[in-house]
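Numbering (the working numbering), first residue to last: 150 to 915. What follows is a single structure, written as structure tokens, with notes after it.
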């Protein structure tokens, strides 16, 4: 006999643990990208050639000794061995016939048939007889000798239950808990070698620590300890310690003596976790199996792993996610990252990392198609898209289109996905069609808002909107205002994304009634406006607006000639132009950057001869983060009316200052020139400034502020006689912006001015 030589090799398989943490490393040093090929299986040992001379091996047992050990075979046995096997069906029939023949004599003779049997044996040893001397005992139902057990059960209503009497009195406490402590040994060496605090990470996820040292019983402690042992294995494996040994045990202390020698207190319990991290595995080679890309180093430049660094689960997963994200951004919409393979060498602690990547076909944007319950057609979808046919595919542009569709508010669900066409786009690329799947949502909306300000009173506003009455995105809104000093109704026809993305055209008609200290008015207005504004989703660096409006208003004004207030009717035709630049980091709650907005409104009165004039206003605000939680903010406003005397201007077209959006500490429109009754009459220029220090902690914030401002009779502000107000405010930050509550008081208060003013609204003051 020849000995069989077997070559064996063993590999360790990597099991990933889902423990998330961040880790920074240097750019990769070596990443080998090879074209995907079919690999050959491991070759088996080849048989020796026929003419090979094999070494002689001495037999273990001689042939003569082997022949003597085999029992002789008789002629009858030899004939039986030569007989062919019967089928299973014939075997079962013969067994049934033999069983029937054995039972027949007993049935025919009317007496029991006696069959001699040998005592059962196990390995040739007889089984001892039972107590009655019988070695074979039939198993059956035991006879019922207890009369009570054989008696029928009493009726349920007569069944009397007596409480069980315990030998010891029950504990008065409803919930008896077991206290324990946790001890973690041997983790320091591994903890110092990683960028993550392993002990802290274990503490955050541990079932033992989560129990706050209390459990219902010892079994619960053991269950928690077992779970934490598995947790420690996963944490160590996630940092490259795949040979770690984690042992768990429960140590019990001595029972303390109570009064009069009695054992009064329970023994202390300690849950112990002993850790032996072992060696930490590192990457010895990185192989990316992928077809060539454009540019050739696309994968290598965006794969943040390096040879020699520890095998950390989060690093590996992050690197794969980076490839899966980058390829679709660079023209590969159908790229897929395959299943990783890491072979570990237990002797050296090295790991060979292999990742298959199917890059798919490099593609360019083609056409747009829509399907489902449509809110608008593919032509309007193309208006929202920031890409055109022939552009290299970029998944960021697809995400942007998806967000634009969601922002319309017209969909219950919407998706945008690339579809291959097979149509060549040149340069070894092909066109893909963007398939937009729509599911239109409810188009109607009810909305309401409320606010309060000293001098403005309470103001409630509600609206009803059909967002797609005139597709695409033709919205009709009816609006109503009910307040202590303002009431009104109006309607707006608004076309969003009019001709181009983010451009809006709207027609407005409204009637309002105002009752302020500065003037009383009943005003009707019709206007048209085209704007390119920022939205909560897309904050734009540059904005603009232009339009026209026709105003008819009946307002009262103080006549210094007669010393009385009288009503006059004004008909005003005006144009509007506005430009803005926004370099802040947030539309509703900026913390850094600046904003500049300039407004020009050339208009004139149509009563009698046309009297033109122009209203100019500029607002500048800036924001600076002192720390992560403290922001200082400032604002300046300057306005001027050129070309007309104050008396020729309708009171509602003059400048005013004071209130929550102007100079806090004063009532609405309270600052500036006044009549003999101490009521404001407005002016032709305004100057305002404000300074805030904002401190935020969590979802809450505190604001301290100082405001200043004044209104002047002249067409240019002189910045003299500025009035100041100071106060403090509270903020509650929501996902749609901060809610504001400010309290302010005037500095150098004059007779008739309130000591305290309160302002409540949504959004920062500026």
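Just so you know, even glycine gets a beta-carbon here, dropped at the ideal spot from N, CA and C.
Starting from residue i and walking both ways along the alpha helix (DSSP H), at which residues does that stretch end?
{"i": "residue 544", "result": "544-556"}
{"i": "residue 612", "result": "Premise fails: residue 612 lies in the beta strand (DSSP E), 606-615, not in any alpha helix (DSSP H)."}
{"i": "residue 684", "result": "Neither: residue 684 is in no alpha helix (DSSP H) and is coded neither H nor E."}
{"i": "residue 391", "result": "Careful: residue 391 lies outside any alpha helix (DSSP H) and carries neither H nor E."}
{"i": "residue 765", "result": "No alpha helix (DSSP H) holds residue 765; the beta strand (DSSP E) holding it covers 760-774."}
{"i": "residue 378", "result": "367-387"}
{"i": "residue 339", "result": "337-342"}
{"i": "residue 359", "result": "356-359"}
Who are the Cβ neighbours of residue i in its own chain at under 7 Å, not counting the five residues just before and after it?
{"i": "residue 595", "result": "613"}
{"i": "residue 403", "result": "416"}
{"i": "residue 570", "result": "515, 579, 580, 581 and 582"}
{"i": "residue 530", "result": "517, 519 and 585"}
{"i": "residue 904", "result": "894 and 898"}
{"i": "residue 900", "result": "none"}
{"i": "residue 827", "result": "901"}
{"i": "residue 760", "result": "753, 754, 793 and 797"}
Closer than 8 Å by C-beta to residue i: which residues in its own chain qualify, once you throw out the five before and the five after it? Chain order, please.
{"i": "residue 317", "result": "Confidence in residue 317 is poor, its pLDDT being 47 and thus under 50, which makes the residue's placement unreliable; the coordinate value appears in the next sentence. If we look at residue 317 and ignore the five residues flanking it on each side, it has no Cβ neighbours."}
{"i": "residue 887", "result": "737, 738, 850, 880, 881, 911, 912 and 913"}
{"i": "residue 418", "result": "327, 328, 329, 330, 367, 370, 399, 400, 401 and 402"}
{"i": "residue 864", "result": "789, 790, 791, 833 and 834"}
{"i": "residue 644", "result": "619, 622, 623, 624, 653, 654 and 655"}
{"i": "residue 397", "result": "374, 375, 377, 378, 420, 421, 422 and 423"}
{"i": "residue 640", "result": "625, 626, 627, 628, 657, 658 and 659"}
Answer yes or no: does any C-beta atom of chain B fall closer than 9 Å to that of residue i?
{"i": "residue 605", "result": "Here there is only one protein chain, and chain B is not present."}
Residue i and residue j look like a contact to me (Cβ under 8 Å); what is the Cβ gap, rounded to whole Å?
{"i": "residue 727", "j": "residue 746", "result": "7 Å"}
{"i": "residue 812", "j": "residue 858", "result": "4 Å"}
{"i": "residue 766", "j": "residue 788", "result": "4 Å"}
{"i": "residue 875", "j": "residue 855", "result": "5 Å"}
{"i": "residue 830", "j": "residue 707", "result": "6 Å"}
{"i": "residue 808", "j": "residue 673", "result": "That belief does not hold up - the Cβ atoms of residue 808 and residue 673 are roughly 25 Å apart, past 8 Å."}
{"i": "residue 862", "j": "residue 825", "result": "Rounded, the Cβ-Cβ distance is 16 Å, inconsistent with contact."}
{"i": "residue 783", "j": "residue 770", "result": "7 Å"}
{"i": "residue 780", "j": "residue 740", "result": "5 Å"}
{"i": "residue 915", "j": "residue 872", "result": "About 18 Å separates the two Cβ atoms, so there is no contact after all."}
Going by the beta-carbon positions, is the gap between residue i and residue j smaller than 9 Å?
{"i": "residue 721", "j": "residue 763", "result": "no"}
{"i": "residue 524", "j": "residue 560", "result": "yes"}
{"i": "residue 676", "j": "residue 642", "result": "no"}
{"i": "residue 507", "j": "residue 484", "result": "yes"}
{"i": "residue 660", "j": "residue 637", "result": "yes"}
{"i": "residue 778", "j": "residue 845", "result": "yes"}
{"i": "residue 522", "j": "residue 587", "result": "yes"}
{"i": "residue 926", "j": "residue 551", "result": "The requested residue 926 does not occur in the structure, where the chain is confined to residues 150 to 915."}
{"i": "residue 453", "j": "residue 343", "result": "no"}
{"i": "residue 666", "j": "residue 800", "result": "no"}
{"i": "residue 433", "j": "residue 494", "result": "yes"}
{"i": "residue 388", "j": "residue 429", "result": "yes"}
{"i": "residue 377", "j": "residue 357", "result": "yes"}
{"i": "residue 860", "j": "residue 891", "result": "no"}
{"i": "residue 364", "j": "residue 381", "result": "no"}
{"i": "residue 473", "j": "residue 486", "result": "yes"}
Can you list, in chain order, the residues of its chain with a C-beta nearer than 6 Å to that of residue i? Leave out the 5 residues immediately preceding and following it.
{"i": "residue 749", "result": "726 and 765"}
{"i": "residue 541", "result": "480 and 513"}
{"i": "residue 794", "result": "none"}
{"i": "residue 610", "result": "598 and 630"}
{"i": "residue 902", "result": "895"}
{"i": "residue 556", "result": "686"}
{"i": "residue 233", "result": "none"}
{"i": "residue 751", "result": "724 and 763"}
Which residue comes first and which comes last in the beta strand (DSSP E) that contains residue i?
{"i": "residue 891", "result": "886-896"}
{"i": "residue 727", "result": "713-731"}
{"i": "residue 565", "result": "560-575"}
{"i": "residue 636", "result": "635-644"}
{"i": "residue 840", "result": "834-846"}
{"i": "residue 477", "result": "Counting along the chain, residue 477 falls outside any beta strand (DSSP E), though it belongs to the alpha helix (DSSP H) covering 462-478."}
{"i": "residue 783", "result": "779-791"}
{"i": "residue 601", "result": "593-602"}
{"i": "residue 907", "result": "906-911"}
{"i": "residue 121", "result": "Not covered by the structure: residue 121. The range shown for the chain is 150 to 915."}
{"i": "residue 799", "result": "Here residue 799 belongs to no beta strand (DSSP E), and DSSP marks it neither H nor E."}
Kindly confirm or deny that the segment 415-432 and the segment 325-333 touch, where touching means at least three C-beta pairs closer than 8 Å.
yes
Count the CB pairs spanning the segment 654-664 and the segment 681-692 that are closer than 8 Å, and state whether there are at least three.
no
Do the segment 494-513 and the segment 552-566 make contact, defined as three or more Cβ pairs closer than 8 Å?
no
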